[in-house]
Structures are given as C-alpha cells and as structure tokens.
Amino acid sequence: MQLPDYKEARKRHQAKVEKETYVFDNDAVNIGLNKTYHIKTYGCQMNEHDSENIKAMLEQLGFTEEEDMEKADLIILNTCSIRENAHNKAFGMLGRLKHLKEDRKDLIIGLCGCMAQEEKVVEELMKKYKYVNLVFGTHNLHRLPYILNEAFKTRKQVIEVYSKEGNIVEGIPVKRANKFKAFVNIMYGCDKFCTYCIVPYTRGKQRSRDKDDILKEVNNLVKQGYQEVTLLGQNVNAYGKDLDIDYKMENLLEDVAKTGIPRVRFMTSHPWDFTDNMIEMIKKYPNIMPSVHLPVQSGSNKILKLMGRKYTKEEYIKLFDKLKTIPNVTISTDIIVGFPSEEESDFEETLDLVNYCKYDNGYTFIFSPREGTPAAKLKDMSTLEEKSDRLHRLNEIMNKYFLESNQKMVGKVVDVLVDGPSEKEGMLCGYTDTNKLINFVGDESLIGKIIKVEVTDAKTWSLDGKQK
Ligand code: SAM
Ligand code: SF4
Numbered sequence: 271m272q273l274p275d276y277k278e279a280r281k282r283h284q285a286k287v288e289k290e291t292y293v294f295d296n297d298a299v300n301i302g303l304n305k306t307y308h309i310k311t312y313g314c315q316m317n318e319h320d321s322e323n324i325k326a327m328l329e330q331l332g333f334t335e336e337e338d339m340e341k342a343d344l345i346i347l348n349t350c351s352i353r354e355n356a357h358n359k360a361f362g363m364l365g366r367l368k369h370l371k372e373d374r375k376d377l378i379i380g381l382c383g384c385m386a387q388e389e390k391v392v393e394e395l396m397k398k399y400k401y402v403n404l405v406f407g408t409h410n411l412h413r414l415p416y417i418l419n420e421a422f423k424t425r426k427q428v429i430e431v432y433s434k435e436g437n438i439v440e441g442i443p444v445k446r447a448n449k450f451k452a453f454v455n456i457m458y459g460c461d462k463f464c465t466y467c468i469v470p471y472t473r474g475k476q477r478s479r480d481k482d483d484i485l486k487e488v489n490n491l492v493k494q495g496y497q498e499v500t501l502l503g504q505n506v507n508a509y510g511k512d513l514d515i516d517y518k519m520e521n522l523l524e525d526v527a528k529t530g531i532p533r534v535r536f537m538t539s540h541p542w543d544f545t546d547n548m549i550e551m552i553k554k555y556p557n558i559m560p561s562v563h564l565p566v567q568s569g570s571n572k573i574l575k576l577m578g579r580k581y582t583k584e585e586y587i588k589l590f591d592k593l594k595t596i597p598n599v600t601i602s603t604d605i606i607v608g609f610p611s612e613e614e615s616d617f618e619e620t621l622d623l624v625n626y627c628k629y630d631n632g633y634t635f636i637f638s639p640r641e642g643t644p645a646a647k648l649k650d651m652s653t654l655e656e657k658s659d660r661l662h663r664l665n666e667i668m669n670k671y672f673l674e675s676n677q678k679m680v681g682k683v684v685d686v687l688v689d690g691p692s693e694k695e696g697m698l699c700g701y702t703d704t705n706k707l708i709n710f711v712g713d714e715s716l717i718g719k720i721i722k723v724e725v726t727d728a729k730t731w732s733l734d735g736k737q738k
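Written out as structure tokens, the structure reads:
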C-alpha cells in the first residue's frame, strides 16, 4: 500500500527527470478476458487523454469496453480535484456504485486521477469506501496492469499512489476517442503554484516531453489521417524551460505545424510565458489555429497578487493587445470570482477588464478552497450570496460579448472540421478554425473532413450555418 503525502507533493526535487518505456505486465495477461470495463472521466482534457491510455491498457489485458456502466465488470472513475463540486460528483457516483456492488459482488471498482493524489480523499476511501478495490494516482497510471492484477489476486483494497512525480513514461498504449482529432501531451505537471490551485500537488513538477517523442507522435497521427492535434499541458507556453536544450514552445509549434497536420491547437496558456515569437508562429503558419485560451482569473492587481499569478492587469492587457494583431484571432479566458478578500471594487475591475477584452468565449467559477493550497487559509470576505451575485453579473456581461463575437461571423464562409451529429436533431456540428461550435445540415460522410460553411445565424454559445 502506498499513500499520498502532501508535503512530498509540494517539494520540487532537482533530480533530472528520466525517460522510461512502458512495460507490459506479462503476469497480468488475459486477466480481462470475457470481462468488460467502463470508465467515467471527470475534469479537463488531460484526464480525458489519460482515460484514452487507461482504455488501451485494459484492452491489452483482454477487457472490452461496455457503454452501459451498470453492466460492466470493472468500473473506473478518473477524477478531478479542481473544485469542490468535482469532488462531490465523484463521491456521489461512489455512493451509486455501492448499491451496484451489493447486487454484484464480483464488480471491481477503481478510482484514479487527481482525487487519488489527495491525502484526505484516500483516508476517506480507506475508512468509508472499502468496497473501492483499487486506487492509483496520476504519476503511476502506467502501473495499472500490475495494480489491477494485485486487486484481482488479493481481493483486497489496493492503493498505490506516488506523491513524487516519476519519470516520463513513453509508449503507453492509447485508444483515441476520436479518429480525426487527437490530444498530444507535451508536458506534465505545473510549477506555477497559483495560490488557489491544487494542480501542482496532484500533477507534480513540470516535466516537458522530449520534442522528438512529440513530433514522432504527431507524424504518426498525420500518417493515420488525423486532421487536428491539441498540444496539451497545464501551462504549455513554459514547454522546454525544464530541459537543458534551447528549444521552446515557439520551436515546437513551428515543428508541429511543419508536419502538415491541418490543424494545430494548444492549451492552456499562462500569460506569464507567452512570447512574441509564439505570436509570430501563429501568424506565420495557417495550420496553427488563431484561437488562444488565455486565463486572466481576475482584473484586480490586488487579487492577482494574492493569487500568485505573476502578472498585473496592465501586463495582461499588453499581451492581449499583441495577440489581437493575429488576423481573425479569438481569445477565451477563465475567471474566478469570490477569491478571499475580493471586494466589490476588485470585482468591478474584473468587469472593466472584461469590457475591455470583449472575450469570444470563457469559463467563470466561484472560488473553491482546496485543502493544502495557500488560498484555502486566507480569510474569506464575501458571502456565498455575494459570490453568486457576482458570478451572475459577470456571466451576463461575458455572454453579451460571446453573442456579439458570434454575430460578427454571420455572412462569412468559414472552414469547419466536422465532428459528428449535432445535439440539434438532423444536423451535423463541427468547429471553425477560431474554435466556434457550428451546426448545419449535411451528410454524415462529411464527418472528419474540413469543409466550407456559411454562417447564417448566431447564438451565445454556437453558430448555425449552411454548407457551401
Ligand atoms: N493551467 C491553467 C491556467 O493556468 O490557467 C488552468 C488550469 S485549471 C484546470 C482551469 C481553471 O480552473 C483555472 O484557469 C481556474 O480559473 C479554475 N480554478 C482552478 N482552481 C480553482 C479553485 N480553487 N476555485 C475555482 N476555480 C479554480
Ligand atoms: Fe493551476 Fe494553471 Fe496556476 Fe498551474 S498555472 S497552478 S495549473 S492555475
């Protein structure tokens, strides 16, 4: 049994991160024969991509995927810790699974992802959720076959969570959810330690992948006919800073663009590391999509300082203005309201910033204290009612700008990568190069292709169009 330790997770060790190759556990071969699995994924794209790895490892062991969770022999919850409600969802699901397990004693239940990295969560799983058979963390995903094999053999609760990040493991198999859009990790972890954020604890120190491994993966995707890659990391602009070579995000962006993949996206960008050269690369290569997610978090310098964001409102605006020189660019953001000591005047500064930036899209959150982070210890000034009111007022303004941004598209002909059937019956949907969701009538044979669509109508969250 190996349990998480927050003190250890907080440390940043100087030791060089090595590269390892995934080794298949021969002892576990066939443990999944005639058995099915179901994975429930919470949280960000990083988790979605981890689930793609988990699925492939399980299929190597003989398991097959079961769409209906209630029928699966193995259920894994890949969890998220970013806010309290993500926690609540996962614990709520564990409650449901308890009943399922009462009816089906052979059911195996696993929990992994960011929540598994939390001391308190694991303590609770050991005390109150003994029916969870296996718990593994974000640093030892590749050990799943061993851990599962042990759970099968011992029929006891197996917990293996490393607090210190390990090496970078290459060669973990992947079952991609999509046949034309792929996530490619370019780095793991985060060293920014924004005071509200749990990610540096649950995902460990920043570790950039070797550029040759990334480019090999992208080239393989090109060969397979993939149309889009999203380069993933908590703070992709800091790519390469932890390596001994003079090769940074702008170089990687250029090399990925040169592979010829039709669409390159990247996320998430921290304003601190966004360089002028990156902006030049986006302008230079038409296959680097003109769409940037640039979380601001707050428009008040007092709050930005308390958040440890390392930039001021003025510096953010300077970068924002530079980004706006990219033709047709769309910029989205993340904003937190109700951070400890946020006063009405601070919140109004956030509204001023939103009125200046007129974002094309974005996500807004109420501050959620995460145990173990510095902000969780700060004195909270506002009531939940005030926070909800601020969120509501912020959303009204943000939504107005989303609609305006979409309305500007009406009458234009745009390139759309067709995703699949739309939620609107009888229609297809896809994304423009500027990352706007668009619905239109079309034949299913268009799925996976980039086509021309004329924008005919605009809503707050999507566009309507007709194929040209
Ligand atoms: N690495 C990215 C960055 O620096 O912007 C974002 C990572 S996080 C998965 C996504 C968003 O969740 C953040 O931008 C932030 O707005 C929000 N978030 C993180 N911790 C939070 C907390 N404790 N309470 C509320 N929102 C939070
Ligand atoms: Fe969290 Fe992003 Fe800040 Fe890292 S940069 S600590 S992931 S909010």
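Residue numbers (my numbering): 271 to 738.
Heads up, the beta-carbon is just placed ideally off N, CA and C, and yes, glycines get one too.
If residue i and residue j are in contact, beta carbons under 8 Å, what's the gap, nearest whole angstrom?
i    : j    : result
H308 : A342 : 4 Å
L418 : A298 : 7 Å
V392 : I429 : 6 Å
K738 : V725 : No, K738 and V725 are not in contact; Cβ-Cβ is about 10 Å, not under 8 Å.
L344 : F333 : 6 Å
I720 : Q494 : The Cβ separation is near 16 Å, so there is no contact.
G313 : G383 : 7 Å
I605 : F637 : In fact, because the Cβ distance is near 11 Å, the residues do not count as touching under 8 Å.
L623 : I667 : 10 Å between Cβ atoms; not a contact.
I324 : I301 : With a Cβ gap of about 15 Å, I324 and I301 do not count as contacting.
K592 : I549 : 6 Å
T471 : Y276 : Sequence check: residue 471 is Tyr here, not Thr. With a Cβ gap of about 6 Å, Y471 and Y276 count as contacting.
Could you have a look at residue i and say whether DSSP puts it in helix, strand or coil?
i    : result
E337 : coil
A447 : coil
T702 : strand
G362 : helix
T615 : Note that residue 615 corresponds to Ser in the displayed sequence, not to Thr. Helix at S615.
E585 : helix
H563 : strand
L411 : helix
Y626 : helix
H357 : helix
A326 : helix
N755 : Since the displayed the chain opens at 271 and closes at 738, residue 755 lies outside it and no answer follows.
K594 : coil
P470 : helix
K310 : strand
A298 : helix
A342 : coil
Q315 : helix
P274 : coil
E285 : The sequence as given places Ala at residue 285; Glu does not occur at that position. Correct three-state label for A285: coil.
P610 : coil
I636 : strand
I717 : coil
I515 : coil
L331 : coil
K392 : Rather than Lys, the amino acid found at residue 392 in this sequence is Val. The answer is helix: DSSP assigns V392 an H, G or I state.
S652 : coil
S675 : helix
Identify every residue that forms a DSSP beta bridge with residue i.
i    : result
N631 : S602
Y458 : R477
G383 : T349
D685 : K722
E440 : T291
L741 : In the structure as shown, the chain starts at 271 and stops at 738, and residue 741 therefore has no counterpart that could be examined.
Q737 : V723
V428 : L404
I558 : V534
I378 : L344
A645 : Paired residue(s): none; A645 is not in a bridge.
G690 : C699
A728 : L733
Handout entry: Contact set, the ligand SF4 heavy atom to C-beta under 6 Å
Key = C460, K462, F463, C464, C467, V469, P470, Q504, N505 and H540
Practice task
Evaluate contact between the region 431 to 444 and the region 296 to 314, counting only Cβ atoms and requiring at least three cross-stretch pairs below 8 Å.
Solution key: no
Practice task
May I ask you to verify whether the region 504 to 522 touches the region 472 to 480, counting CB pairs closer than 8 Å and requiring at least 3?
Solution key: yes
Exercise for the section: Report yes or no: do three or more beta-carbon pairs, one from the region 514 to 525 and one from the region 551 to 566, lie closer than 8 Å? Expected result: yes
Practice task
Would you check if there are 3 or more beta carbon pairs closer than 8 Å linking the region 696 to 705 to the region 644 to 662?
Solution key: no
Practice task
Could you tell me whether the region 563 to 580 touches the region 671 to 686, where touching means 3 or more Cβ pairs closer than 8 Å?
Solution key: no
Problem - Three CB pairs or more closer than 8 Å across the region 596 to 605 and the region 572 to 588 - result: no
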